[in-house]
Each structure stands twice: as C-alpha cells, then as structure tokens.
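Okay, structure first, notes after.
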Amino acid sequence: MPNLDLPILVVDDAKFSSMVVGRTLRNAGYRDVRIVNNAPEALQLIEQRPVSVLIADWLMPEMDGLELTDQVRQQDEQNNHYTYVILLTARESVEALSEAFDRGVDDFIYKSDMTKQLIPRIFAADRMADRQNTLLRANSLLIENNRELESTNIIDLETGLCNTKYGRERLTKMLRHAESRGGCSAYVLCGIRNWQELKRKHPPTVMSELAIGIARRLSTLIRPIDALCRVGDNQFAIIAYFPNSDHCTTTAFRRVFDGINHKALKTTAGYISVEAGMVLCKADAQNGTPSIQDMERAAVQGLVDAYDTRRFTETAPEIGATA
C-alpha cells in the first residue's frame, strides 16, 4: 500500500508544469504535497521540514536541478536524512544523465511522458527513501549506543586490563579509604621506555602481542588485592593501599620492576626485551588527601626521572597543585 502521507516537494519555475505534477499527485491521494517555483525557496522549506521525495525541474533560473541536488545532499548529511531526488527533464543524452547520477540524482521523469511515469516512480521513491531513512536511523541508534557503551566501559579492549576510567575511579576510592581509615595510597606508574623504538621495528600485530604479554606479566607480579590498569599506549598503573605507611615503599613493588625488566617477552617475532621505568607515587593520609590530578601529575613527572636514571624512583604529590 502506498504511503499517502509521504512528504513530497515539487520545484518548478514553470507554474503550469508544477500545477500538473501537483494535481497528479493529489488525484492519486497524496496529502503532503508542497509546491514552490524556485530552488532557494525549496531549500528553506526542506530546512524547516525535511521531505522524502523531491521532484525538481532540471533547468531553472538562479539554481538548476543539479545545483539544488548538491545543496539538498549537504542538508541531508547535516540532518542524518535521505531525500530521494527526481529530476524532470527533456534531456535524454547518456552524458547528461550520467552527470546527474554522479551529482546525487536518484531518478528522472521525461516531461514528454510525465503523467504516465510520475505515480509509478513515486511508489519506487517511497520504498527507497523509507529504506534509506530506516537504515540511517538504525545507524544513528547504533552510534549512540556505542557512545554510551564507551562512556561506561572500564576495560582496555586490547589487553583485557582495566582502563584509565576505572583506574581513576579506583584511585578515588582508595584515597577516600585512606582518608577515613588512615594508611597510605600508592599509585605505581610503569612505562615502557623503549616502546617507540620497538614500534619502529615491529608491526602493530607484534606490538599488540607485546602489550598483552606485558599485561599478563604484570598481573602475575602484583598482589591480588591491588588493581592493575592500562592508562596509556605504553603505560600501566598499579593502585594499592597499605594500612601502614612504612610498608609503602619501592621495596614492596621491587619484584614487579625486576620481573618486567629482566625477562624477555615471547611474541611471534621472537623474544623481545622491554626497558621499563617505574615510579611510586604515595599519599600518606596523615599529610592530607591529594586529588587524582595531583597523583597523576606527580607520577608522570616521576616517571620522566625514572627514565633518565633507569631506577625505580619514589615521589609524593603536591597537595593542592591543581587549584
């Protein structure tokens, strides 16, 4: 059954021709038919309310049918909509029609046989426009769902570790826990110093294997109660809590530092050694509670020093540095 509420816009500078088209459509039962006599006015109407089918004369002053089609396609792109464009023409050359199709025109109706061709072409246009707009809406919904999933996702898809989002949430809880219960929060940042050098030598597939291998190695080296996150392409963070601040030292994480630096990782390109720099950023509750930004800033600055010295370094956040 035809959709008699199909929104149709007719554009023709020749009032007699537009009148014939409009009358033919209304006689066929179509109720939502608008008629204008120039392209600029047509664009204004489409901007106010999109249409499913645009029927336009090819040759018009100011802006012809091809130029109008170009503008409509731009509006469609902005509005996530598809308008089925039919041009009325007396031109039958293959070159002209080929150019029109390249410009985004969907179909033609020859003026010499317009009354016979119009309604069957509208039936086809209705089906195609409905299908295209249904797909556009479905795709838009998928994109929105993906955005929502990404906004709530806490997993690094490549390694399976928790990501930066989760790391910050866990660090926030850890700092609040230490604030209420005492003790010390630890943020250990581990960076692969020679990562860029390895990327120049190996393809992405091998680098992915290496990232997964590092993640697995670190997972076996940390305490079960600690959280391990991937916070960058070549950076991993360990988030831990110590009831006694004296126990929160680099010695507590020495096995992690040695385990990642002193044993190569197996990949399809062979065994690859990484040079890891590590810094322990600790926040003692007795000295006040830093912000997440304070902790991250101190850790990044400390990691730079660790790269330079090639030692496992220790630092503390400057509380209120983000203020």
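Numbering-wise, full-length UniProt numbering puts 56 at position 56 of the sequence shown, and it's gapless, one number per residue.
By construction, the Cβ of each residue, glycine as well, lies at the ideal position given by its N, Cα and C atoms.
Cα-Cα separation between residue i and residue j, rounded to whole angstroms
i, j, result
"L141", "D126", "22 Å"
"I154", "D5", "46 Å"
"H177", "D294", "17 Å"
"D107", "T268", "54 Å"
"S273", "H202", "13 Å"
"E168", "E144", "Here the sequence assigns Arg to residue 168, which means Glu is not the residue at that position. Going from the Cα of R168 to the Cα of E144 covers about 24 Å."
"C248", "I260", "20 Å"
Test item: CB-CB of residue i and residue j under 8 Å
i, j, result
"A56", "V85", "yes"
"L118", "V21", "yes"
"L265", "R217", "yes"
"L45", "R31", "no"
"R137", "I239", "no"
"A316", "A298", "yes"
"E47", "Q74", "no"
"Y123", "P7", "Contrary to the premise, residue 123 reads as Phe rather than Tyr in this sequence. In this structure, P7 does not lie closer than 8 Å to F123 by Cβ."
"T69", "R103", "yes"
Per-residue DSSP class, three states only, for residue i
i, result
"D107", "strand"
"F123", "helix"
"D284", "strand"
"S185", "strand"
"D166", "Note that residue 166 is Tyr in the sequence shown, not Asp. If DSSP states are grouped into helix, strand and coil, Y166 belongs with the helices."
"Y82", "coil"
"F16", "helix"
"G29", "coil"
"F242", "strand"
"K266", "strand"
"E62", "coil"
Integer Cβ distance of residue i from residue j, believed to fall under 8 Å
i, j, result
"E314", "L280", "5 Å"
"L54", "T24", "Going by Cβ atoms, the distance from L54 to T24 rounds to 16 Å, so no, they are not a contact pair."
"R147", "A276", "Wrong, their Cβ atoms sit about 34 Å apart, outside the cutoff."
"L66", "A42", "About 14 Å; that fails the 8 Å criterion."
"C162", "F236", "Not quite, the Cβ-Cβ distance comes to about 10 Å (not below 8 Å), so this is no contact."
"C184", "A283", "7 Å"
Cβ neighbour criterion (16 or more within 10 Å) applied to residue i
i, result
"A90", "exposed"
"L135", "exposed"
"R230", "buried"
"N27", "exposed"
"Y271", "exposed"
"G29", "exposed"
"V304", "exposed"
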